[in-house]
Amino acid sequence: MKIIQRLLALLCLLSPTTMASESNDEAIKEMPNFQHKDWELACDNTGTCRAAGYNPESEYENLVSVMLTRKAGNKQKVSAEIQFRTTAYYGGDFCPREVYFVINRKGQGDIRLSKACTGKLNKKQTQALLNALKKVSVIKFGTKRDTFILSDQGATAVLLKMDEYQKRVGKPSALIKKGKSKEAVLQPKAKPIITIPVMPKAKKHLTFGLLKSNLKKQLNKLPCDFVNKNTDIWAYALNDKQSLLEIPCMMGAYNYSAYYVVVDKQLNEVQATVGEGNGYENGIISGYWKGRGVGDCWASVEYAWNGEKFVLSSDSYTGMCRGFAGGAWNLPSYVSEVKHSDK
């Protein structure tokens, strides 16, 4: 099942987008996700790449993660965000106002933090961090009470992958393998705009056993764990000719998945398969799944109805399962701008 593959992708850091539904453009499937040791990379369809690094996995009390973001284009710089968690910080009970930043025993200045224990590195600090990640370095943040160690393991490989995707290798703007080549780097692309028409509100509840035999045969071919005559199915009107069927597909200890297909209004046959999710509302199918029970890593996907078909509108995950409640970051593979028409 694709949902199981998606969760394995979350845990193993294969690209979630490679498991996209039939409604996706082939180019969408090429967005790279890459992981090596304590670092990972996700690039989206606009050309923006995000690299995230963490403390060594052996450290489970003082947690730190950095996200480096770089847009496609000739003169784009890297920005750096950071966040912290300790046992004392969970629930927002306590967070220092600032932390020190040290690389190989050399101070890099302080970083001010929000109440959520997040902060931004300035340009000088960001460049110092990038330089440190190119070699073996000891990178520390902290207060008088706590010390947080950012791993450098895997960073060089991940930043090289970022350069490769953005076509910077051998060029002045490369982070790892600089050169003098004047060939063009990857240029940024605008977010696709998806317009959802005014959607009908009609929906209908029925059971699998009440469906017509031809439709039941088609639905029985879906990769679902359980479908029987008593399975509850919802039919949502898309227009005066088509409906969306929501079929329960998988139930786990902490995840639920439904399968979505477009059918004719008379419920005779499947016209298009969309994929998995766990909710539909006003033209948008959405899905959110935990990578593991503690909820420190999630995958998500959304499909939007453009009046003719469902198209992928968002595909993202929150990074490695490293103890950050709700996931450390938003690392999208596909982004878009979704608008609702008022006509």
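Numbering (mature numbering (1 follows the signal peptide of the UniProt record, and there is no 0)) for the sequence shown: -20 to -1, 1 to 323. Yeah, the Cβ is synthetic: ideal placement off N, Cα and C, and Gly gets one too. Everything numeric in this text was worked out from a predicted model, so none of it was measured.
> In the structure shown, what three-state DSSP assignment does N262 receive?
Replying inline: To locate residue 262, count along the sequence shown from 1; it is residue 282. Residue state, collapsed to three classes: coil.
>> I'd like the span of the beta strand (DSSP E) that includes L199, first residue to last.
In response: For this step, residue 199 is matched to residue 219 along the sequence shown. Where L199 is concerned, there is no enclosing beta strand (DSSP E), although the alpha helix (DSSP H) it sits in stretches over 193 to 199.
> When you compare only the Cα positions, how much space is there between E2 and N208?
Replying inline: For the purposes of this step, residue 2 is taken as residue 22 along the sequence shown, with counting starting at 1. For the purposes of this step, residue 208 is taken as residue 228 along the sequence shown, with counting starting at 1. In this predicted model, E2 has a pLDDT of only 45, less than 50, meaning its place in the structure is not dependable; the value taken from the coordinates is given anyway. Looking at the two C-alpha atoms, the distance is approximately 25 Å.
>> Could you check whether the stretch 247 to 255 touches the stretch 276 to 294, counting it as contact only if at least three pairs of C-beta atoms, one from each stretch, sit closer than 8 Å?
In response: yes
>> For M47 and C23, I'd like the C-alpha separation in whole angstroms.
In response: Residue numbering aside, residue 47 sits at position 67 when the sequence shown is read from its first letter. Residue numbering aside, residue 23 sits at position 43 when the sequence shown is read from its first letter. Going from the Cα of M47 to the Cα of C23 covers about 13 Å.
> A108: buried (16+ other C-beta within 10 angstroms of its C-beta) or exposed?
Replying inline: As a first step, residue 108 must be located in the sequence shown, where it is residue number 128. A108 is buried by the Cβ-count criterion.
> At what residue ranges does the stretch 149 to 217 contain a whole run of the beta strand (DSSP E), taking only runs of 3 or more?
Replying inline: 173 to 176, 183 to 187, 212 to 217
>> Contact defined as beta carbons within less than 8 Å: I believe L224 pairs with Y236. What is the distance between those atoms, to the nearest angstrom?
In response: Reading the sequence shown from its first residue, position 244 is the one you call residue 224. Reading the sequence shown from its first residue, position 256 is the one you call residue 236. Not a contact, Cβ separation roughly 18 Å.
> Got a sec? Which residues, its chain only, sit under 6 Å from D90 by beta carbon, not counting five neighbours each side?
Replying inline: Numbered from its first residue, the sequence shown carries residue 90 at position 110. Only E78, Y80 meet the Cβ criterion.
>> Here's a check: name, in chain order, each residue in its chain whose Cβ is nearer than 7 Å to the Cβ of G134, leaving out the five neighbours to either side.
In response: The sequence position of residue 134 within the sequence shown is 154, counting from 1. Correct list, in chain order: H16, K17, D18, W19.
> Starting from Y145 and walking both ways along the alpha helix (DSSP H), at which residues does that stretch end?
Replying inline: As a working mapping, residue 145 is identified with position 165 in the sequence shown. Per DSSP, Y145 belongs to the alpha helix (DSSP H) from 135 to 145.
> What is the DSSP secondary structure of T106, reduced to helix, strand or coil?
Replying inline: Counted from its first residue, the sequence shown places residue 106 at position 126. Note: T106 maps to helix in three-state DSSP.
> Got a sec, what are the start and stop residues for the beta strand (DSSP E) D90 sits in?
Replying inline: By 1-based counting over the sequence shown, the position of residue 90 is 110. Note, D90: beta strand (DSSP E), 86 to 92.
> With contact counted as at least three CB pairs below 8 Å, one residue from each stretch, are the stretch 303 to 310 and the stretch 49 to 56 in contact?
Replying inline: no
>> Beta-carbon within less than 6 Å of L21's beta-carbon, same chain only, minus the 5 sequence neighbours each way: which residues are those?
In response: Here the question's residue 21 lines up with position 41 in the sequence shown. Only F14, A31, V138, K141, M142 meet the Cβ criterion.
> What do you get for Y297, buried or exposed, if any count of 16 or more other CB atoms within 10 angstroms of its CB means buried?
Replying inline: Here residue 297 refers to the residue found at position 317 of the sequence shown. By the neighbour-count rule (16 or more Cβ atoms within 10 Å), Y297 is buried.
> Should G303 be labelled buried (16 or more other beta-carbon atoms within 10 Å of its own) or exposed?
Replying inline: Locating residue 303 in the sequence shown gives position 323, where the first residue counts as 1. Label assigned to G303: buried.
>> So the candidates are P228, W269, R272; which of them puts its Cα closest to the Cα of residue 324?
In response: Nothing in the structure corresponds to residue 324, since the chain is present only between -20 and 323.
> Does DSSP put L113 in a helix, a strand or coil?
Replying inline: Translated into positions along the sequence shown, residue 113 becomes position 133. Note: L113 maps to helix in three-state DSSP.
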